[in-house]
Amino acid sequence: MRRIFLILFVLLALASAATWYTLQERSAHPQIVWTAGLSPDRVEQVEAFHGWLRANGYVDKDGELLFTVRLETTDNQSALIQAVSGMAGDLIDHVPVKRFAPMGVLEEITGFARENGLDPAAGYGEAAGDLLMYGGKQYAYFCNLATRGLLLNLDLFEKYGVEPPPEEWTPADFERIGREFVRKANAGRPRQEVFFSGAMPQAILPLARSLGADVFNETLTAATLTDPAFVRALETYYGWVYRHHLIPTAAEATSTESEGTSVNSEATPQLAAGRYGMILTGRYVNMDLRRFRNGRFRLAFVQLPEWEYKNLVTTSRNTAIYKGSKHKEQARLFLKFLAAKEYNDLIIRSSDGLPPNPEWAEGNPEFRTPPGREFEGDLHDNELKWTLSIGIPESQSPYYPLGDNKLSYAFAKVESKLASPEEALKQAEEAINYSIRSTVEGTASLQEEYRAACERQRQIDHRKAAGEKIPAGWIRNPFYRKFYRDRGMLADH
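Numbering (full-length UniProt numbering), first residue to last: 1 to 493.
Dropping the structure here:
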């Protein structure tokens, strides 16, 4: 028995020594944490980063990597709580910069980004670059982007003998072509089973923007949803659903989509099954379509129908460095990898949105027309082109922590017959402005900044009323910054 205990003691001692040695090795070669969620795509990206490190000589004398990356899963709220409490990972994925940066939890990378070609000027430009910025400073870099438009099932249009819409079209065009489509598609059916488009209340914002209005004012100090442009946009979308029946009602959409939705929470299966002529999406839709047995049909990608000023909403998935990280130099290398060819090629091949660095997509036949997937048409090329030309992020006020623009809320009110468009938008505007006042009153660090921004707004309003140009530096809203520049309304200083 004593001999057995002696053997066990020796084995435990050896195991302890091995554990101690392993920990020493790990301390010499740190492991940084990327809170990005666990998925096959993220695992592949981490493996690609390790390969990139090795190819670029980040190894010791024995050929071992100087550091590695480990994935951890969390959501935005948990990541923020962890960051504020000092427990966040070295790299924070899915980071909403306008929400996290004011909390002081993100590392500023303005100089580093400029020196390494990660700044907006070296990529998609100022409009999309606003997604990385706060207070004129950069805090993150793209993992991928999306500028959503309407993806058409061209085989359906041919089947029903309807001419598909052009790349740019108006709400009147949408109604004219849509009525013809639903009439021919549902001929002989006992009830309407095919719709021109899947639900897309997100179209209300670009519709209003096409008339020159946005959710917030130029300084992001107040909501402006009672602008007549939003009333017209909301009424128009309501008409597409309830007057012309081009888009399913909430009940119809629930009934139809209960038969299957995509991992992107969109009606991709209904597009593939021929129930919808088009859906609001981006090139990331191929992550689903390429898995579907009935996903090989001809596609076309067109803009949302709009009135005067052409625009689409650009979104992004960003990664930032946690300010409390002990491995900031290694984390910066990961951001450099996101702009490198190896990572961008992964995004291009998988169709997981647009690649973070447009340099690797522009003029690249692997991106524009993936081999064997010619039926995907102009989806890839158009989304890249629009992001570089008419894509503008949603405006996000640092004084409004919820981030919800309340447009879906307003439409739901109208849809449920609880309010008129004017009443619903007034209620939505009041809710946002109440939240702004409460946030500012309860956050001492915002009060001086907010008062200065309100004074600047008064100066902007005065100049607009007088027909004078507005200094670009006065405007914090990314929509108005681009809209006024395109309209020749900005002063150089």
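For each residue, glycine too, the CB sits at the ideal point set by N, CA and C. Since this is a predicted model, take the numbers as computed values, not measurements.
Contact between residue 168 and residue 303 holds: CB atoms are separated by about 5 angstroms, below the 8 angstroms threshold. Between the alpha carbons of residue 185 and residue 160 lies a gap of roughly 6 angstroms. In the three-state DSSP reduction, residue 422 falls in the helix class (H, G or I).
Of the residues 226, 395 and 431, the one whose Cα lies closest to the Cα of residue 134 is 395. Annotation: the region 330-399 contains the following complete segments of the alpha helix (DSSP H) (minimum length 4 residues), in chain order: 341-350, 365-368 and 379-389. A Cβ-Cβ contact shorter than 7 angstroms links residue 140 with residue 95. With a cutoff of 7 angstroms on beta-carbon distance, residue 391 and residue 299 are scored as not near each other. Here residue 402 carries a coil assignment [DSSP, helix/strand/coil]. Residue 291 sits exposed, since fewer than 16 C-beta atoms from the chains shown fall within 10 Å of its C-beta. In the three-state scheme derived from DSSP, where H, G and I count as helix and E and B as strand, residue 478 is classed as helix. Around the beta carbon of residue 484, 16 or more other beta carbons sit within 10 angstroms, so the residue counts as buried.
Put simply, of 99, 198, 351 and 173 the residue whose alpha carbon is nearest the alpha carbon of residue 41 is 351. Put simply, the region 197-206 does not touch the region 447-461. Fewer than three CB pairs are less than 8 angstroms apart. With respect to the 7 angstroms criterion, residue 398 and residue 98 are classified as neighbours on the basis of their beta carbons.
For residue 285, there is no enclosing beta strand (DSSP E), as DSSP marks it with neither H nor E. Within the region 83-119, the complete beta strand (DSSP E) segments at least 3 residues long are 91-93, listed from N- to C-terminus. Residue 436 has its alpha-carbon roughly 8 angstroms from the corresponding atom of residue 221. The straight-line gap separating the alpha-carbon atoms of residue 38 and residue 132 is approximately 24 angstroms.
Relative to the Cα of residue 219, the nearest Cα in the group 468, 464, 455 and 469 belongs to 455.
Between the region 342-357 and the region 45-53, the count of C-beta pairs closer than 8 angstroms reaches three or more; the two stretches touch.
Residue 320 is bridged by DSSP to 92 and 140. The DSSP-derived three-state label of residue 65 is strand. The residue among 450, 477, 487 and 438 with its C-alpha nearest the C-alpha of residue 468 is 487. In the DSSP annotation of this structure, the continuous segment of the beta strand (DSSP E) that includes residue 301 starts and ends at 299-302. Annotation: residue 363 to residue 349 spans about 15 angstroms, alpha carbon to alpha carbon. Spatial neighbours of residue 330 in its own chain (CB-CB distance under 6 angstroms, excluding positions within 5 residues in sequence) are listed in chain order as 32 and 67. Counting the other CB atoms within 10 Å of its CB gives residue 43 a total below 16, which places it among the exposed residues. With fewer than 16 other Cβ atoms inside 10 Å of its own Cβ, residue 103 counts as exposed. Beyond the five residues adjoining it in sequence on each side, residue 376 comes within less than 6 angstroms, by CB distance, of 299 in the same chain, given in chain order. Annotation for residue 149: the continuous beta strand (DSSP E) segment containing it runs 149-153.
The criterion of a C-beta distance shorter than 7 angstroms is satisfied by residue 199 and residue 253.
Per DSSP, residue 181 has no beta bridge partner at all. Within a 10 Å sphere around the beta-carbon of residue 233 sit 16 or more other beta-carbons, which makes this residue buried. In the structure shown, the three-state DSSP call for residue 192 is coil. When DSSP states are grouped into helix, strand and coil, residue 134 belongs to the strand group. The three-state secondary structure of residue 216, taken from DSSP, is strand.
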